[in-house]
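*Asks:* Counted the way my numbering counts, the sequence shown spans residues 261 to 424. Cβ atoms here follow ideal geometry from the backbone N, Cα and C, with glycine treated the same way. Source: prediction; values computed, not measured. Take a look at the following structure, please.
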Amino acid sequence: MGRKVLVEQYEPGDRGKHPALILLHGSAGVLFPGLDLRKRARSLAREGYAVFIPHYFDRTGHVMVRPSMVHENLSTWTGTVQDCVTYVSARPNVDAKRIGLTGHSLGGYLALATAARDQRVKVVIEASGAFENYGINGCRRLSFCTAPKTKRFRSRRLNKSKRP
Numbered sequence: 261m262g263r264k265v266l267v268e269q270y271e272p273g274d275r276g277k278h279p280a281l282i283l284l285h286g287s288a289g290v291l292f293p294g295l296d297l298r299k300r301a302r303s304l305a306r307e308g309y310a311v312f313i314p315h316y317f318d319r320t321g322h323v324m325v326r327p328s329m330v331h332e333n334l335s336t337w338t339g340t341v342q343d344c345v346t347y348v349s350a351r352p353n354v355d356a357k358r359i360g361l362t363g364h365s366l367g368g369y370l371a372l373a374t375a376a377r378d379q380r381v382k383v384v385i386e387a388s389g390a391f392e393n394y395g396i397n398g399c400r401r402l403s404f405c406t407a408p409k410t411k412r413f414r415s416r417r418l419n420k421s422k423r424p
């Protein structure tokens, strides 16, 4: 798909297969001072996760992007995140049946967009993802479109919370 992408890896201390989390930065790239992805990755690795931070902007040659640049690059970045899922699932220390995505802002959007298309992603943690103008799976607004994994999670949670 073009340029190579740097993927930072943070390994748990013990041997064996571990669940994996792919951390996705927002539109400020990995430079955003208020969200230290590397610190978060080290902490998650200590908790037993294999953690990966793909520099998905590398694929398009950006360091950070303005909102006007997002739409034209979304499909490339989503494809890059899927490439990262492929890379992570092949790592010897990763349990390929337990791969998750987490992202902030643009990274949150990409996490949900990727999970909606890729069955290998089992969990998504999204914070401040941008939906209003972009949509997922061709939908204009999140309120009219829910990714299948979110529907399953919500229905399980609602069923557990019902009183007899």
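Report the residue from P272, A371, I385, A350 whose alpha carbon sits nearest the alpha carbon of Y309.
*Replies:* Taking the first residue of the sequence shown as 1, we reach residue 309 at position 49. Measuring from the Cα of Y309, the nearest candidate turns out to be P272.
*Asks:* Assign D274 to one of three DSSP states: helix, strand, or coil.
*Replies:* For the purposes of this step, residue 274 is taken as the residue at position 14 of the sequence shown. Coil at D274, not helix or strand.
*Asks:* Comparing alpha-carbon positions, which option in T362, S335, V323 lies nearest I282?
*Replies:* Along the sequence shown, one-based indexing puts residue 282 at 22. Closest by alpha carbon: T362.
*Asks:* Per DSSP, L361 is paired with what?
*Replies:* Taking the first residue of the sequence shown as position 1, residue 361 is located at position 101. L361 pairs with I282, V384.
*Asks:* What separation, rounded to the nearest whole angstrom, lies between the Cα atoms of R319 and Q269?
*Replies:* To locate residue 319, count along the sequence shown from 1; it is residue 59. To locate residue 269, count along the sequence shown from 1; it is residue 9. Computed Cα separation, rounded: 18 Å.
*Asks:* Can you list, in chain order, the residues of its chain whose CB lies under 8 Å from that of P327, leaving out five sequence neighbours each side?
*Replies:* For the purposes of this step, residue 327 is taken as the residue at position 67 of the sequence shown. Same-chain partners within the cutoff: S287.
*Asks:* Below 8 Å, can you find three or more Cβ-Cβ pairs linking the segment 347 to 366 to the segment 379 to 387?
*Replies:* Judged by Cβ distances under 8 Å, the segment 347 to 366 makes contact with the segment 379 to 387, as three or more pairs qualify.
*Asks:* Do you know offhand how far T340's Cα is from Y316's?
*Replies:* What you label residue 340 is simply residue 80 of the sequence shown in a count that begins at 1. What you label residue 316 is simply residue 56 of the sequence shown in a count that begins at 1. The straight-line gap from Cα to Cα measures roughly 6 Å.
*Asks:* Would you kindly work out how many angstroms separate the C-alpha atoms of R358 and L291, rounded to a whole number?
*Replies:* Residue 358 sits at position 98 when you count from the first residue of the sequence shown. Residue 291 sits at position 31 when you count from the first residue of the sequence shown. Going by the C-alpha atoms only, they are around 28 Å apart.
*Asks:* Which first and last residues belong to the beta strand (DSSP E) in which P314 is found?
*Replies:* Here residue 314 is taken as the residue at index 54 of the sequence shown, counted from 1. Counting along the chain, the beta strand (DSSP E) containing P314 begins and ends at 310 to 314.
*Asks:* Taking only the alpha-carbon atoms, compute the straight-line gap between H278 and S303 and give it to the nearest angstrom.
*Replies:* On the sequence shown, position 18 is the one that residue 278 refers to. On the sequence shown, position 43 is the one that residue 303 refers to. Going from the Cα of H278 to the Cα of S303 covers about 15 Å.
*Asks:* Going by DSSP, what residue range makes up the alpha helix (DSSP H) through D343?
*Replies:* Taking the first residue of the sequence shown as position 1, residue 343 is located at position 83. Looking at the DSSP string, the run of the alpha helix (DSSP H) that includes D343 is 327 to 349.
*Asks:* Measuring only the C-alpha atoms, how far is G289 from A301?
*Replies:* Within the sequence shown, residue 289 is the residue found at index 29, counting from 1. Within the sequence shown, residue 301 is the residue found at index 41, counting from 1. Approximately 15 Å between the Cα atoms of the pair.
*Asks:* Kindly indicate which three-state DSSP category D355 falls into: helix, strand or coil?
*Replies:* Translated into the one-based positions of the sequence shown, residue 355 becomes position 95. In this structure, D355 counts as strand in the three-state DSSP scheme.
*Asks:* Rank D274, L334, E307, R298 by C-alpha distance to the C-alpha of P352 and give the top, closest one.
*Replies:* By one-based count along the sequence shown, residue 352 stands at place 92. Ranking D274, L334, E307, R298 by Cα distance to P352 puts D274 first.
*Asks:* Just the C-alpha distance for V325 and E332, rounded to the nearest angstrom, thanks.
*Replies:* Looking up residue 325 in the sequence shown gives position 65. Looking up residue 332 in the sequence shown gives position 72. For V325 and E332, the distance between alpha carbons rounds to 11 Å.
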